[in-house]
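Scroll down for the structure; my scribbles are underneath it.
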């Protein structure tokens, strides 16, 4: 009977050990409506992307996010192992021997299953049963079996739910840290996607500005030719306009190269084909964001993952100190148990039970005191770090709020400067057509217009990026884009 059961047990163990588990990580999702994009279908055409589309693609394919979710598989299993520490632990030990000596030939079978349990209050229970069978050609068969039950309840060191469950509480806090780290990783990936998307949008606008500047330069050259033909301008004055055309052609090539680089940078963040001709089609509509600094700070303290992780680290340090202080006590435990053995032939059975105390008193052992000192220092350091982190958070929040306000004023000023530069150039072109101005003056105003266009574009993009960075500081990035972690 023993052999078939043992063979089946070993077969099951071997089959489970050889099984390969397929890792199936989760991934975040976005509740906003997005368009599905087939990357094999563009065939040379541009792939138009809304910002929501880019974020959805990043959530699905970004390598940093995928790596973070793969790591979550191992982290969740770590928590499962911590919970299993307080579940019944089973072990089966078996042995089969065939032996021969000068007197006889015998075969021996041993089977010893054991079970143990650690309760959240520190009590340890163990139950083991041993079965042995010996069959000899001459001496015949002999059987023996016995069971042993033992209970150990700590009374000082290791006693109490708070201390006994400390490893599980640490594992639960670590799980909270891991979830916050995942939230922070996803938020950072979204912010990087937004910044790269806006960079692509900015380079597209810069290319448009360069094309407009080249068109105006060529138009100026045509005006020069007309003035020369009418005798109102010397022929050598046309050189300035021709040099401007060449200069704008050079600037246009630089803008095209920058556009290509921005496309590749966004494609890498989205983990798509680097050759995909991405095009940002988001309308750059800027709306003023009203933010109260005090409310923003309160929100950051409640939502920012890095700050919450710092608070949890303080809780972990406090648990370590509690355990280290408990370790200073004597190792005093209440021990009880019972055992039973039986042998055949003879049908001899014996019973035994016991109850008592066991104490271990360390003398001259400084290692436990060392652990407490280190734990106390860790708690103090954690309080110092928390104070520093709180001030840093306050600085970041107030700085981000102030930056949004300053960037809005800069955007307003840049808009007025652009309108004035455009009007100034129009007036000077009219004066040139009437023969009352020169190429030098027009080209100077042309440069002022290009500078004003770039300044206004930079101010718009900087203000929008400032909003994304403010969300990152406040910890509201996922809420802003309706992203679910699905963890």
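Numbering (our numbering), first residue to last: 593 to 1079. Cβ atoms here follow ideal geometry from the backbone N, Cα and C, with glycine treated the same way.
Nearest to residue i by CA position, among the options, is which residue?
{"i": "residue 1051", "options": "679, 1001, 660, 621", "result": "1001"}
{"i": "residue 616", "options": "894, 663, 1049", "result": "663"}
{"i": "residue 932", "options": "722, 895, 1048", "result": "722"}
{"i": "residue 752", "options": "925, 818, 812", "result": "925"}
{"i": "residue 982", "options": "894, 775, 733, 667", "result": "894"}
{"i": "residue 887", "options": "989, 741, 766, 771", "result": "989"}
{"i": "residue 803", "options": "769, 843, 780", "result": "843"}
{"i": "residue 959", "options": "920, 952, 1027", "result": "920"}
{"i": "residue 815", "options": "1069, 1073, 1024, 1036", "result": "1024"}
{"i": "residue 907", "options": "967, 706, 870, 882", "result": "967"}
{"i": "residue 903", "options": "805, 766, 639", "result": "766"}
{"i": "residue 1030", "options": "950, 812, 1078, 860", "result": "812"}
{"i": "residue 1040", "options": "791, 880, 805", "result": "805"}
{"i": "residue 922", "options": "749, 743, 714, 665", "result": "749"}
{"i": "residue 1019", "options": "1004, 1033, 661, 669", "result": "1033"}
{"i": "residue 948", "options": "657, 1047, 929", "result": "929"}
{"i": "residue 848", "options": "896, 834, 792", "result": "792"}
{"i": "residue 1058", "options": "993, 771, 1048, 747", "result": "993"}
{"i": "residue 1061", "options": "788, 900, 807", "result": "788"}
{"i": "residue 855", "options": "639, 1073, 1077", "result": "639"}
{"i": "residue 770", "options": "741, 845, 665, 717", "result": "665"}
{"i": "residue 642", "options": "870, 690, 685, 936", "result": "870"}
{"i": "residue 646", "options": "790, 878, 683", "result": "790"}
{"i": "residue 878", "options": "671, 1004, 741", "result": "1004"}
{"i": "residue 846", "options": "800, 936, 905, 691", "result": "800"}
{"i": "residue 881", "options": "999, 900, 1021", "result": "999"}
{"i": "residue 693", "options": "683, 731, 852", "result": "731"}
{"i": "residue 671", "options": "688, 768, 696", "result": "768"}
{"i": "residue 1073", "options": "1028, 896, 885, 778", "result": "778"}
{"i": "residue 687", "options": "704, 918, 860", "result": "704"}
{"i": "residue 905", "options": "772, 954, 660", "result": "772"}
{"i": "residue 826", "options": "1071, 1008, 1027", "result": "1027"}
Who are residue i's beta bridge partners in DSSP?
{"i": "residue 929", "result": "742, 946"}
{"i": "residue 940", "result": "935"}
{"i": "residue 999", "result": "Partner(s): none; residue 999 has no beta bridge."}
{"i": "residue 688", "result": "701"}
{"i": "residue 710", "result": "716"}
{"i": "residue 923", "result": "952"}
{"i": "residue 721", "result": "739"}
{"i": "residue 993", "result": "None; residue 993 has no bridge partner."}
{"i": "residue 815", "result": "Partner(s): none; residue 815 has no beta bridge."}
{"i": "residue 890", "result": "Paired residues: none, contrary to the question."}
{"i": "residue 621", "result": "1076"}
Kindly give me the distance between the Cβ atoms of residue i and residue j, rounded to whole angstroms, as I take these residues to be in contact under 8 Å.
{"i": "residue 795", "j": "residue 850", "result": "5 Å"}
{"i": "residue 785", "j": "residue 872", "result": "Wrong, their Cβ atoms sit about 11 Å apart, outside the cutoff."}
{"i": "residue 1045", "j": "residue 1010", "result": "6 Å"}
{"i": "residue 915", "j": "residue 758", "result": "5 Å"}
{"i": "residue 1038", "j": "residue 1017", "result": "6 Å"}
{"i": "residue 1075", "j": "residue 622", "result": "5 Å"}
{"i": "residue 837", "j": "residue 809", "result": "5 Å"}
{"i": "residue 776", "j": "residue 648", "result": "Going by Cβ atoms, the distance from residue 776 to residue 648 rounds to 20 Å, so no, they are not a contact pair."}
{"i": "residue 1069", "j": "residue 782", "result": "5 Å"}
{"i": "residue 678", "j": "residue 711", "result": "7 Å"}
{"i": "residue 743", "j": "residue 715", "result": "7 Å"}
{"i": "residue 708", "j": "residue 681", "result": "5 Å"}
{"i": "residue 652", "j": "residue 619", "result": "6 Å"}
{"i": "residue 927", "j": "residue 950", "result": "5 Å"}
Just to confirm, does residue i get its C-beta within under 7 Å of one of the non-hydrogen atoms of the ligand HEM?
{"i": "residue 724", "result": "As presented, the structure is devoid of all ligands, the ligand HEM included, so that no description of it is given."}
### Query
Unbroken alpha helix (DSSP H) runs of length 4 or more, entirely within the stretch 947-983: which are they?
When DSSP assignments are scanned along the stretch 947-983, no uninterrupted stretch of alpha helix (DSSP H) that is 4 or more residues long falls wholly within it.
### Query
In chain order, which continuous runs of the alpha helix (DSSP H) of length 4 or greater are located wholly inside the stretch 833-886?
If we require 4 residues or more, the stretch 833-886 turns out to have no alpha helix (DSSP H) run fully inside it.
### Task
At 4 residues or longer, and completely inside the stretch 724-808: list those alpha helix (DSSP H) runs for me, N to C.
Runs of the alpha helix (DSSP H) inside the stretch 724-808: 753-756.
### Query
Can you find at least 3 beta carbon pairs, one from the stretch 694-701 and one from the stretch 725-740, that sit closer than 8 Å?
Yes, the stretch 694-701 touches the stretch 725-740.
### Task
Indicate whether the contact test is met: 3 or more Cβ pairs, each with one atom in the stretch 1047-1066 and one in the stretch 761-775, closer than 8 Å.
No, because fewer than three Cβ pairs between the stretch 1047-1066 and the stretch 761-775 fall closer than 8 Å, the two stretches do not touch.
### Message
So, does the stretch 807-820 touch the stretch 829-843, judging by three or more C-beta pairs under 8 Å?
### Response
Under the Cβ criterion (8 Å, minimum of three pairs), the stretch 807-820 counts as touching the stretch 829-843.
### Message
For the pair the stretch 850-864 and the stretch 1061-1071, tell me if three or more CB-CB distances fall below 8 Å.
### Response
Pairwise C-beta distances place the stretch 850-864 out of contact with the stretch 1061-1071, as fewer than three of them are shorter than 8 Å.
### Query
Can you give, in chain order, each stretch of the alpha helix (DSSP H) that sits fully within the stretch 1007-1066 and has at least 4 residues?
List check, alpha helix (DSSP H) in window: 1031-1066.
### Task
Taking 8 Å as the threshold, find out whether the stretch 927-947 comes into contact with the stretch 971-979 through three or more Cβ pairs.
Touching, no.
### Message
Would you call the stretch 735-753 in contact with the stretch 904-912, where contact means no fewer than 3 C-beta pairs closer than 8 Å?
### Response
The stretch 735-753 vs the stretch 904-912: no contact.
### Task
List in chain order: all unbroken beta strand (DSSP E) runs of 3+ residues lying wholly within the stretch 640-695.
Listed in chain order, the complete beta strand (DSSP E) runs (minimum 3 residues) inside the stretch 640-695 are 681-692.
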